[in-house]
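In our numbering, the protein residues as written are 2 to 735. Read the structure below first, then the notes.
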């Protein structure tokens, strides 16, 4: 590169929609400099003016749009914008995932440098420099417990440089089980950091075709009898995670070369870049003369984890464009999918562990009468892992990064009258032309919207703390004032109840349930239980309205105003959940005073960039459905890098409005959580990330547990600010 300011450059796809709704794809030459991202119609010579530019600073974000389809091409789409002017954004895409990941990582490293220099200038603290974190995902974290909410926290490696997390993917839709977390913690013994997961127990059933086949031991009493226990196959394939992922995502004729249970597949609906509804016909060889063929309609969700692994999850779903097909029995996938994780290369060849799980009810008479029918068919489907292994081992040349294969869209020309005819005919004759396939691959994008920084570089360092670590923690700050704040003066509309079985309430969560950076974190990455909170949680409000509720601390009579009248300082976290009805859960943390020069005081009085780079949430779901526990995870996430946070600094309070709707990833998880919220117990700890030795150990601002929340118990708040209204609202509050 002749220009020393250029960080990265190359051809990428420009993908977007015109005003009339048609999408388009162009090849454009992108150039990333230390303060600028620009693209040109051709490789720039001398002083050519770029087609479009975007200034890069610490407020920029790279957003993950996932895989998109365009005229039969799939592309992996990234969108880069400045949080302060969202309408001005640059969208770029790649035909293969590796290229998109490299661009994403390069742009994020430039954003990080701006955040670092900004923070250093404005907030006089020592900080580490960032290190690019893709490296094909190999050097990234080995922790599987990543939070779907977002930006896992920054962690630095032994060279005091930070890895940025490379996760890509939205939260799983509805009730798609993320089984990949649980038995990884068993198999790989990575469960030392596993705060809230029940372990699944597996029994090795048999070894065949070089695969280990496991059966789940848990009782399946909640499922219909015909739905067998979950089974999974585990095998090693000599190929990169990306190659295997791109092969597995394909539903074209190539699949017949490695999946003997596959007959035909098509796309029913593309929900977003990470979620699609698919139709799939199974080729099962169990007495085909007597047993009807099976077909499936299911939702498929995928994401890329921060350790370079991929998760692809399935669950059956009904869809209006995919009703029962004549001559087929519709089987039901209770849970299924692939977990594709990198292993160390051997003899120069990449190696990947592939786990394929299925829990399926094949329906029909055969299941009820012949118990071996279900197991035989399930083993045939799981054998696809051996098919993948042989597919790659029987060729010498390593293909160049392949394009993501495309799928025929089963409803692309469907008017309602043609639907059923189209479905039947499409199964027998049409595979798309090569041109169509190449076109379709251009639409996918890999943007990691939330995952910003890499957490838990070494899972084995997350073991339980030794006693001297805890000693170290105690001596650091037991000089706290003992006089307590009178909590009886505060009230919120969500009641506090410390009873274990209580419902629709909140209680304090024990700080030792959360692990935070220790005094020696800079040297050995050690973490310790968080211990005592810095602030007292005095009240929780649970609101709903037709519009988003901003700046709720201005409400007369609310806990923040009461604290202010008493000369106390509050931090208010307003978690905003979007939807047809907007909900807000508001937490009021109160302290007597901020210690001048403390990290908390610097956060309260700092600028938004500093706050965004430090505000951290540790979530966990101790009680709730398996799928939700997996998708929420328990990895710390930097909220300001994950979602849009608006900070309102009042005279004696700081309110943080956390707009979960600003992130499709967090939104995906949230949609999932809200749907089953009455069955959940959720723990949340808020803290300010400590980056340098004088800021360590980390302290929690506070932690809360909310149990079995009822949507119906939310109330509409009165937020008017003029004097006549404030009288009204005080009367309403009393």
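Beta carbons: idealized from backbone N, C-alpha and C, even for Gly.
DSSP-derived helix/strand/coil call for residue 377: helix
Beta-ladder partner(s) of residue 341, from DSSP: 311 and 355
Run of the beta strand (DSSP E) containing residue 543, from where it starts to where it stops: 537-546
N- and C-terminal bounds of the beta strand (DSSP E) containing residue 94: 86-95
Close beta carbons around residue 240, own chain, < 7 Å, minus the five adjacent residues each side: 351, 353 and 393
Candidates 389, 61 and 362, of which the one nearest residue 261 by Cα: 389
Exposed unless 16 or more other CB atoms sit within 10 angstroms - verdict on residue 217: buried
Own chain, CB closer than 7 Å to residue 42, minus 5 neighbours either side, in chain order: 29 and 52
Integer-rounded CB distance, given that residue 63 should sit under 8 Å from residue 108: 5 Å
Residue from 590, 585 and 500 whose Cα sits closest to the Cα of residue 492: 590
Distance, residue 258 Cα to residue 504 Cα: 53 Å
Buried or exposed (CB count within 10 angstroms, at least 16 for buried), residue 207: exposed
Beta-bridge pairing of residue 333 - partner residues as DSSP gives them: 362
CA nearest to the CA of residue 254, picked from 246, 266, 81 and 497: 266
Spatially closest choice to residue 709 from 323, 106 and 626, by CA coordinates: 626
Cut-off 7 Å between Cβ atoms - residues of its own chain near residue 177, not counting five sequence neighbours on either side: 300, 302, 314, 316 and 628
Start-to-end residues for the alpha helix (DSSP H) that takes in residue 563: 560-566
Top-ranked residue by Cα proximity to residue 347, from 337, 256 and 237: 237
Residue range of the alpha helix (DSSP H) that includes residue 631: 627-633
Continuous alpha helix (DSSP H) assignments of at least 4 residues falling wholly in the region 638-702: 640-643 and 665-676
Three CB pairs or more closer than 8 Å across the region 641-650 and the region 536-543: no
Contact between the region 593-601 and the region 655-671 (3+ Cβ pairs under 8 Å): no
Residue nearest to residue 59 in terms of C-alpha spacing, selected from 46, 32 and 113: 113
Residue from 644, 102 and 579 whose Cα sits closest to the Cα of residue 675: 579
Contact check, residue 690 vs residue 612, beta carbons under 8 Å: no
Residue closest to residue 619, alpha-carbon to alpha-carbon, out of 334, 230, 304 and 514: 514
Residue 284 versus residue 210: straight-line alpha-carbon distance, rounded: 19 Å
Span of the beta strand (DSSP E), counted from its first residue to its last, around residue 280: 276-283
Whether residue 280 touches residue 323 by CB criterion (8 Å): yes
Residue 238 - containing beta strand (DSSP E), residue span: 232-238
Three-state secondary structure (DSSP) of residue 46: coil
Residue 309 versus 244, 256, 363 and 546, residue with shortest Cα-Cα distance: 244
Close Cβ partners of residue 568 (< 6 Å) along its chain, the five nearest in sequence each way excluded: none
Residue 717, DSSP secondary structure in three states: coil
Residue 292 versus 56, 666, 365 and 644, residue with shortest Cα-Cα distance: 365
Distance CB(residue 517)-CB(residue 528) smaller than 8 Å: yes
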